[in-house]
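For the sequence shown, the residue numbers in our numbering are 10 to 538. For glycine and all other residues, C-beta sits at the position ideal for the given N, C-alpha and C. A short write-up of the structure that comes next.
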Amino acid sequence: MIDALTSFDGAGPAFYGALARIVAVTGPGRAVRRGLENALAVLVEALGYRRVCLELHDLPQPGARIVLSHGRQQGLDHLYGPAPITMGQVIGSKRSLILQDVKDHPDFIGRPPEELSHLSHICVPVTVPTPDGHVEGFAPVAASGVVGALSIDLPKAPMVFLEAHREFLSVVGGILGNAALRLRDELDTSRRAAPAVPLSIEDATEQEAPCQPVAVSKSIRLVLRQIAQAADSDDPVLFRGEEGTGKELLARCLHSQGNRRHRPFLRLGCSEMPQEAVMEHLFGVQKGERSKASRSKRGLFELAQGGIVFLDAIEALTPSAQARVLQVIQEGTVARLGSDTPVAVDARVVAASTASLEDAMAQGEFSEDLFYALGVFALYVPPLRDRMGDILPLAEHFLNDFSQRTGKSVRRISTPAIDLLNQYHWPGNVRELANCMERAATLCDEAVVRTYHLPPTLQTGESSDTEPSLSFGEAVAKFEQELLVEALKKARGNMYQAARDLRESYRVVNYKVKKYNIDPKRFTPGRRG
């Protein structure tokens, strides 16, 4: 790739050929979302980029977000979230970014070393053109606003090559901005035409992006591979695991990867409302004497024609409801409450449970037939404490998300804070980590999350609602450790430089480092601690 692209002008065939294909696949008359996906594929195939991410904001409404990704390795786009901090920086600053070497860059901490080795990174704004903006001759498009960001990873290259690619990608950002406007209009039209559903039900088809879970650990990668294998099947799927492990997110991943992705994803929390209401929402009601209903109403299985019905906490269903769900799975029919007439439905059943369904079966509380029907694809989602490699990437993802929503510029997590995150046992799993980083983003009034921004439970290593009481001396010691670690990290383990940065004598810094048992070698280049 690099041999072929010497500069923007000199790389005419490669750049112009790719631009022509991108204009063709995203032009009017094309399916917009598929066109955007194809545009990313063009960038990977035509220019040899390792990975491309596109993030669009406020589509179709403020706060909504769409993320698309494509990589050279099959499935890579489903294993790693986009470089969220760089994309957030570019969207916020409206300026492009080049990182010649990402291996030791703090914004990429926590990614697998083999992915980052010998890699450069470029991120540019996705722009909305002015009325006079144009793409004729592939000249850069003037922008009146930024609606997202486009990032690419490519083999490490000299800055002259990276500058040429940045100029090229800025043009692509303008083309994708045009497509983003058409996508917004398309989604607005779909939203206005969509039938109303109860507030307790979520329809994700209009704003859900293809799945982008942050997954570094082998255990969650295995789950993602199993999801990919099951995505196009019509068989039911059962996600099992503790509270807060991300079962619903993975169910949405299944939906976004499968052949039902353009049809509804309808969720119902089976334990979130009285069982009478659950029955009505799931199966619908036929008006008449038997139901005492004044009008008929379709249930989720009818509304989801061609899509997926996700039953969270399926163990909470009554035996009667379980029998009706089994009828949907086995016969593809459902009878509304107050009617014996079966209605044909085409809805895939996906369920989640935190309970021991085996024990529930033994006690006669859960249908054995339904258990084995759901068990065709039973996937176990491991708790966060069993996938420690995911903690830091997830924390950075949540921090970036909350920072963007609150308008803050919190960029990274300090090393002592990372240590606390990694040492904690996370009884509340991913959900607790998300809450933890939301608190940190709220309390943090600087660019770095420090230990004192984290919840008290992480300070004590316990799950408790009570604030721990630190003595004055303990609080001072904790703060000193934080300052020393940050200074050594900045100085790459050089004690003399750390002392100068702290405006303290080498003797005092050396004494404190020994007092707190801090190893300066941990922060020297080429070592990881």
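Would you mind working out which of Ala237, Arg394 and Leu258 sits nearest valine 223, comparing C-alpha positions?
-> Residue mapping note: residue 223 aligns to position 214 of the sequence shown, counting from 1. Answer by Cα proximity: Leu258.
Who does leucine 247 pair with in a DSSP beta bridge?
-> Within the sequence shown, the letter at position 238 stands for residue 247. Answer by DSSP bridge pairing, in chain order: Ala360 and Ala387.
Selected residue, minimal CA-CA separation from valine 181, among Glu455, Ala29 and Leu442 | Reading the sequence shown from its first residue, position 172 is the one you call residue 181. That would be Ala29, whose Cα lies nearest to the Cα of valine 181.
Leucine 493 and lysine 521: beta carbons closer than 8 Å?
-> Residue mapping note: residue 493 aligns to position 484 of the sequence shown, counting from 1. Residue mapping note: residue 521 aligns to position 512 of the sequence shown, counting from 1. Yes, they are a contact pair.
Could you check what DSSP says for serine 153 in three-state terms: helix, strand or coil?
-> Along the sequence shown, read from residue 1 onward, the residue named residue 153 stands at position 144. Per-residue confidence for serine 153 stands at a pLDDT of 47, beneath the threshold of 50, marking its modelled position as unreliable; the derived number appears in the next sentence. In the structure shown, serine 153 sits in a strand (DSSP, three-state: E or B).
To the nearest whole angstrom, what separates the beta carbons of alanine 369 and glutamate 311, a pair I think is in contact under 8 Å?
-> Working through the sequence shown from its first residue, we reach residue 369 at position 360. Working through the sequence shown from its first residue, we reach residue 311 at position 302. The Cβ separation is near 28 Å, so there is no contact.
Valine 439 - containing beta strand (DSSP E), residue span = Looking up residue 439 in the sequence shown gives position 430. Segment 438-452 is the alpha helix (DSSP H) holding valine 439; no beta strand (DSSP E) there.
Tell me, to the nearest whole angstrom, how far the beta carbon of alanine 280 is from that of alanine 322; I am working on the premise that it is less than 8 Å.
-> For this step, residue 280 is matched to residue 271 along the sequence shown. For this step, residue 322 is matched to residue 313 along the sequence shown. It should be noted that the sequence gives serine, not alanine, for residue 280. With 8 Å as the limit, serine 280 and alanine 322 qualify as a contact, their Cβ atoms being about 4 Å apart.
Cysteine 279 (DSSP reduced to helix, strand or coil) | Here residue 279 refers to the residue found at position 270 when the sequence shown is read from its first residue. Collapsing the DSSP output to three states places cysteine 279 in coil.
Below 8 Å on the Cβ atoms is my guess for alanine 443 versus valine 419; work out the distance and round it to an integer in Å.
-> Here residue 443 refers to the residue found at position 434 of the sequence shown. Here residue 419 refers to the residue found at position 410 of the sequence shown. Actually they do not touch by this definition, with Cβ atoms about 15 Å apart.
If we ignore side chains and look at the alpha-carbon of each, how far apart do threonine 363 and leucine 401 end up?
-> To locate residue 363, count along the sequence shown from 1; it is residue 354. To locate residue 401, count along the sequence shown from 1; it is residue 392. Going from the Cα of threonine 363 to the Cα of leucine 401 covers about 25 Å.
Helix, strand or coil for arginine 577, going by three-state DSSP, please let me know.
-> Coverage of the chain is limited to positions 10 through 538, which leaves residue 577 absent and any answer about it impossible.
Just the Cα atoms here: how many angstroms apart are glutamate 491 and leucine 429?
-> Taking the sequence shown and counting its residues from 1, the one referred to as residue 491 is at position 482. Taking the sequence shown and counting its residues from 1, the one referred to as residue 429 is at position 420. If I take the Cα positions, the gap works out to 12 Å.
C-alpha distance - serine 305 paired with leucine 346, whole-angstrom precision | Locating residue 305 in the sequence shown gives position 296, where the first residue counts as 1. Locating residue 346 in the sequence shown gives position 337, where the first residue counts as 1. Looking at the backbone, the Cα of serine 305 and that of leucine 346 are separated by about 10 Å.
With a threshold of 16 other CB atoms inside 10 Å of the CB of phenylalanine 407, please say whether the residue is buried or exposed.
-> For the purposes of this step, residue 407 is taken as the residue at position 398 of the sequence shown. Burial call: buried.
Environment of aspartate 110 [buried if 16+ CB atoms lie within 10 Å] | Taking the sequence shown and counting its residues from 1, one reaches residue 110 at position 101. Under this definition aspartate 110 is an exposed residue.
Simplified DSSP assignment, three categories, for valine 232 = On the sequence shown, position 223 is the one that residue 232 refers to. The answer is helix: DSSP assigns valine 232 an H, G or I state.
Limits of the unbroken beta strand (DSSP E) element including phenylalanine 319 | In the sequence shown, the residue the question calls residue 319 occupies position 310. Segment 317-321, the beta strand (DSSP E) holding phenylalanine 319.
Do you know offhand how far isoleucine 102's Cα is from histidine 66's?
-> Residue numbering aside, residue 102 sits at position 93 when the sequence shown is read from its first letter. Residue numbering aside, residue 66 sits at position 57 when the sequence shown is read from its first letter. The residue you asked about is not isoleucine; residue 102 is serine in the sequence shown. It is roughly 14 Å from the alpha-carbon of serine 102 to the alpha-carbon of histidine 66.
What are the partner residues of phenylalanine 274, as DSSP defines its beta bridges?
-> Counted from its first residue, the sequence shown places residue 274 at position 265. Answer is Ile317.
Can you tell which of Arg175, Ile338, Val133 and His174 has its C-alpha closest to the C-alpha of leucine 159?
-> Looking up residue 159 in the sequence shown gives position 150. Among Arg175, Ile338, Val133 and His174, the Cα nearest to that of leucine 159 belongs to Val133.
Determine the extent of the beta strand (DSSP E) in which threonine 342 is found, giving its start and end residues.
-> Start at 1 with the first residue of the sequence shown, and residue 342 comes out as number 333. Unbroken beta strand (DSSP E) run through threonine 342: 342-344.
Ends of the beta strand (DSSP E) at arginine 60?
-> Mapped onto the sequence shown, residue 60 falls at position 51. Under the DSSP assignment, arginine 60 falls in the beta strand (DSSP E) whose first and last residues are 60-66.
Could you give the distance in angstroms between the alpha-carbon of arginine 396 and the alpha-carbon of serine 226?
-> Residue 396 sits at position 387 when you count from the first residue of the sequence shown. Residue 226 sits at position 217 when you count from the first residue of the sequence shown. Their Cα atoms are separated by approximately 6 Å.
Provide the residue span of the beta strand (DSSP E) that contains leucine 106, from first to last.
-> In the sequence shown, counting from the first residue as 1, residue 106 sits at position 97. That run of the beta strand (DSSP E) goes 106-108.
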